[in-house]
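For reference, the structure is listed below as C-alpha cells.
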Amino acid sequence: MAEQRDDNYSGVWDGRLGFGKKSALVVIDLLKGYTTEGSPLYAPGVVDACNEAPELIDAARKAGIDIFHTQVRYNEHNFIDGGVWIKKAPVLKCLVESDPLAHFDERVLPGQGETIITKQYASVFFGTSFAATLTAAGIDTLIITGCTTSGCIRATAVDCVQNGFRPICVRECIGDRHTDPHEANLFDINAKYGDVISKAECMEYLNGLG
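Numbering-wise, the sequence shown is residues 792 to 1001 according to our numbering.
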C-alpha cells in the first residue's frame, strides 16, 4: 500500500522548497497539558517531541535566528474567544491562565527576548499579526516544531505557504496523540505544502548559520 501511494505521488506531489534567505523558528503549543500524564490533552508523541526540541531550540539561539513560542489561552469566565471550535473540542477549556496545564513545559521555556504569541485557534497565523511580523523582519522561511501534527502543525504549515513563506517541519520535534495521524499529516504536508526534514538536517543548517 505504501509503495502504491508513493508511486501515485511521485513526480506530481513531491516538490521541495528548501530554506530561503532568512529563517525563523516557531515552537507551537508545547504546553504541560500535552506532556503531563493524566491530562485530557496528554499525547505521548508530544512528549517525544518535547524531548527532542530543546537541542534544536538551542541551535537556533546560537544561530541568532528569531524564535517564536505559541500558547493557546481562553477567557475562562465565558470562553467566548473560543468560538465554535471550543464547542467542537471542549477539552480545550483547560487552556486558561489559572490552569497549570496551559503553561509551557519546563524543557522548552521561552528565552529572554523571544516572542510569545497567544492564539485561540489552530494556526498561529489565524487572528494574529504573525504574518506581518515575519514580513517586516524579512523572514521567508519558518522552521516549525511543536504539536499537534494533525491540528496546529498542519494548519500552520498550510497558512504559512498561503501567506508566502516556506514551511520547514522538523519530524522529530513534532508530535501527536497517535502515530497514524502523525505520519499521515506529515506525508500530506511534505507532498503539498512544505518540506518535512529530519532534525539532523535542520541542525546542520542551523549550525552552518552560527
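From the three backbone atoms N, C-alpha and C, an ideal C-beta is built for every residue, glycine too.
Problem set entry | Segment contact flag, the region 817-832 with the region 975-995, C-beta cutoff 8 Å, min 3 pairs | Flag = no, the region 817-832 and the region 975-995 do not touch.
Problem set entry | Collapsed DSSP secondary structure at residue 852 in the structure displayed | Here residue 852 sits in helix by DSSP.
Exercise. Does DSSP classify residue 903 as helix, strand or coil?
Worked result: In the three-state DSSP reduction, residue 903 falls in the coil class, being neither helix nor strand.
For this session: Taking residue 832 as part of the beta strand (DSSP E), name the residues at either end of that continuous run.
Result: For residue 832, there is no enclosing beta strand (DSSP E), as DSSP marks it with neither H nor E.
For this session: Tell me where the alpha helix (DSSP H) around residue 890 begins and ends.
Result: Annotation: residue 890 is outside any alpha helix (DSSP H) and is labelled neither H nor E by DSSP.
Problem set entry | C-alpha gap between residue 907 and residue 862, whole angstroms | Each residue's alpha carbon lies about 7 Å from the other.
Problem set entry | Own chain partners of residue 894 with C-beta closer than 7 Å, once the 5 adjacent residues on each side are dropped | The beta carbon of residue 894 sits closer than 7 Å to the beta carbons of 822, 823 from its chain, once the five residues preceding and following it are set aside; these are given in chain order.
Exercise. Apart from the five residues on each side of it in sequence, which residues of its chain come closer than 6 Å, Cβ to Cβ, to residue 930?
Worked result: The answer, listed in chain order, is 813, 815.
For this session: Evaluate the contact criterion for the region 882-899 versus the region 913-925: three or more CB pairs, one atom per stretch, below 8 Å.
Result: With contact defined as three or more Cβ pairs closer than 8 Å, the region 882-899 and the region 913-925 are not in contact.
For this session: Determine the DSSP secondary structure at residue 931, reduced to helix, strand or coil.
Result: Here DSSP, grouped into helix, strand and coil, assigns residue 931 to coil.
Exercise. Under the three-state reduction of DSSP, which class applies to residue 937: helix, strand or coil?
Worked result: Secondary structure at residue 937: strand, using DSSP grouped into helix, strand and coil.
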